[in-house]
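Following: one structure in structure tokens, then a few remarks.
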Amino acid sequence: MVLAIEPMLLGGGSDKVKELDDGWTIVTADGSLAAHVEHTVLVGEHGPEILTRL
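Heads up, the sequence shown is in the UniProt record's numbering, so the first residue is 1 and it goes up one at a time.
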């Protein structure tokens with residue numbers, strides 16, 4: 001199984017986000033700064049392996 005783990009760190013006073021009309025972009029609802037990272041993880045026979053480090 002392969003998973004994408006995508007946490008967002010929000011710098012404003014709200015944890016609300018919204019999706020823009022392009023159907024892809026996510027922004028904070030209050031316009032504050034945010035950071036988004038992603039790791040792709042393979043869950044295999046020998047445990048998890050982070051593929052984005054390769």
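The beta carbon of each residue, even a glycine, is placed where N, CA and C say it ideally should be.
Closer than 7 Å by C-beta to Gly11: which residues in its own chain qualify, once you throw out the five before and the five after it? Chain order, please. Along the sequence shown, one-based indexing puts residue 11 at 11. Answer for Gly11: Ser32, Leu33, Ala34, listed in chain order.
Just verifying my parser: in three-state terms, what is the DSSP assignment at Leu20? As a working note, residue 20 is residue 20 in the sequence shown. In the three-state reduction of the DSSP assignment, Leu20 falls in the coil class, being assigned neither a helical nor a strand state.
Counting along the chain, where does the beta strand (DSSP E) carrying Ala35 start and finish? Here the question's residue 35 lines up with position 35 in the sequence shown. Ala35: member of the beta strand (DSSP E) spanning 34–36, first to last residue.
In the DSSP assignment, find the unbroken beta strand (DSSP E) run with Leu51 in it and report its ends. Taking the sequence shown and counting its residues from 1, one reaches residue 51 at position 51. Taken as a continuous stretch (DSSP letters only), Leu51 belongs to no beta strand (DSSP E), as it is neither H nor E.
Just verifying my parser: in three-state terms, what is the DSSP assignment at Gly31? Your numbering for residue 31 matches position 31 in the sequence shown. Coil, per DSSP.
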